[in-house]
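In what follows, a structure is listed as structure tokens, so that the remarks can point back to it.
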Amino acid sequence: MTSSSIAPTSARPVDLGEARVRVTALLVATMWFDVLYGAAQAGRAHTPWIVALAGLCAQLAFTAAEAAVAVVGWRAMGRNVRFVALATRLLVASAAETLAVGIASGRAHLPREWTLLLAGPRAVEPTRPLHGLATAFAATGVLAIVRMLASATLQARAARASFATALALVLAMWLVSRLAVWWAVDLLQGRSFQ
Amino acid sequence: MSARTSRALALLAAAVLALGLAWWRDGARPYETPVWKPARFVQLVPATKAERERWLVAVNLRCPHCQAHLRALATRIATRPRPPALGVILVDQGVRPTRLGLGAPPTAGAWWDSAQVWRNKWGRRMYGETFRFDTRGRLLSATPVGTVPDSSGSRM
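Here you go:
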């Protein structure tokens, strides 16, 4: 009789669903780079890839901040959701926004009404809006709503909560962030070389 | 709810509330409607076409794009048969400038806002904003940088 000295392996079961979300998030990150590169080229930036890279970093930072706030929001509702799980799902949900940015930068040749409907006022008025309120809601179009709905769906699954609860959290966060942008833009106007 | 979550939520709420309070206080301040009264400003370059409508651009000397707007505006109106008088209000300028170098002749004069009328009395903040005054100094419009003041918002 022989005895083995090799320790039995205890392989963790692979979570295919989570792996799929992460791969999709990676794809969405490349979509962001591509769409930002196109926007930088359309804006005749000297080094479009640097602009696109900076934009991607800003997008990732924004997603991380949004996920951090969402973690706190879910905890307040008695649900423990991991930061990474939320961050990847929020990035996946932002895929709709890449399309909106592409439309706003003029890559999709759509009629003005469709552009306005899908990507919001910023797409038809490419210059910086005058007031904080206009700036805060400049990107509000159908694709922004799609992003929120997708975000609520994915967060509801991650938190094992109802869609309505997730949508309430997403909407609350969106409204508060719009208020903060409105007020901050109004306060900052003219304080830098705009 | 854990103490850490409560603290994080309280911090977020406090930050948003502080921002909202600052915004509300700022918006509650009463400001004057801009009226062109040369006596409130220090003349740096005299006006040469004072009898016409005045377009005065709020320029900060460290702001390259509001100066570019002034030059673009000067080029744009130069071909008109009777162009308005284009001038400059130098804003957020602590000391009297020794040289201007604006790149456009200020036919409505260049005026130093030494008393911060533009910011503190008129409540304005947008560098490059163009104030369009009639010959009596009444405000006709105030338009942002990049806009031709009398062309219903058309961009340059």
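Residue numbers (our numbering), protein chains in the order written: chain D, 1 to 194; chain Z, 1 to 156.
Each residue gets a CB set at the ideal place from its N, CA and C atoms; glycine is no exception.
Among the options, which one has its Cα closest to the Cα of residue i?
i: Z/V57; options: Z/T98, Z/D113, Z/A28, Z/R136; result: Z/D113
i: D/R22; options: D/A156, D/T165, D/A93; result: D/A93
i: Z/P149; options: Z/W122, Z/P84, Z/W36; result: Z/P84
i: D/V124; options: D/A139, D/H131, D/L167, D/T63; result: D/A139
i: Z/K49; options: Z/A110, Z/M126, Z/C63, Z/Y31; result: Z/A110
i: D/A25; options: D/T47, D/Q59, D/A39; result: D/Q59
i: Z/L70; options: Z/G137, Z/Y127, Z/D26, Z/S6; result: Z/Y127
i: D/A134; options: D/M77, D/A39, D/V185, D/M148; result: D/V185
i: Z/P106; options: Z/A47, Z/T79, Z/S6; result: Z/A47
i: Z/N120; options: Z/A78, Z/Y31, Z/G94; result: Z/Y31
i: D/G141; options: D/A168, D/I103, D/A158; result: D/I103
Under a three-way DSSP split, which group does residue i fall into?
i: D/F33; result: helix
i: D/F83; result: helix
i: Z/R125; result: coil
i: Z/T55; result: What sits at residue 55 of chain Z in the sequence shown is Trp, not Thr. Three-state result, Z/W55: strand.
i: Z/R138; result: strand
i: Z/F41; result: coil
i: D/D186; result: helix
i: D/G200; result: Given that chain D is displayed from residue 1 to residue 194, the structure contains no residue 200 of chain D and the question cannot be resolved.
i: Z/T48; result: coil
Give every residue of the same chain whose Cβ lies closer than 8 Å to the Cβ of residue i, excluding the five residues on either side of it in the sequence, and list them in chain order.
i: Z/V117; result: R40, F41
i: D/L56; result: A29, W32, F33, L36
i: D/A96; result: L143, A144, V146, R147, A150
What span of residues does the alpha helix (DSSP H) with residue i cover, start to end?
i: D/V51; result: 48-76
i: Z/L145; result: As written in the sequence, residue 145 of chain Z is Val, which differs from the Leu given in the question. Counting along the chain, Z/V145 falls outside any alpha helix (DSSP H), and DSSP gives it neither H nor E.
i: Z/V16; result: 3-28
Using a Cβ-Cβ cutoff of less than 7 Å, which residues in the same chain neighbour residue i once the five nearest sequence positions on both sides are dropped?
i: D/D45; result: In the sequence as presented, Asp is not what sits at residue 45 of chain D; that position holds Ala. Closer than 7 Å at the Cβ level, and outside the excluded window around D/A45, lie V51.
i: Z/R54; result: W36, P84, A85, G87, A108, F133
i: D/A161; result: R79
i: D/F137; result: R178
i: D/Q41; result: P48
So, at 6 Å on beta carbons, what are the nonlocal neighbours of residue i in its own chain, with the 5 sequence-adjacent residues on each side left out?
i: D/L175; result: none
i: Z/R29; result: none
i: Z/A13; result: none
Would you mind reading off the limits of the beta strand (DSSP E) that contains residue i?
i: Z/R132; result: 130-133
i: Z/V35; result: Here Z/V35 belongs to no beta strand (DSSP E), and DSSP marks it neither H nor E.
Exercise for the section: Please specify which runs of the alpha helix (DSSP H), each continuous and at least 4 residues long, are wholly inside the region 95-164 of chain D, giving them in chain order. Expected result: 95-104, 112-119, 132-136, 142-159
Handout entry: Sequence ranges, alpha helix (DSSP H) only - wholly within the region 57-123 of chain Z, length at least 4
Key = 64-78
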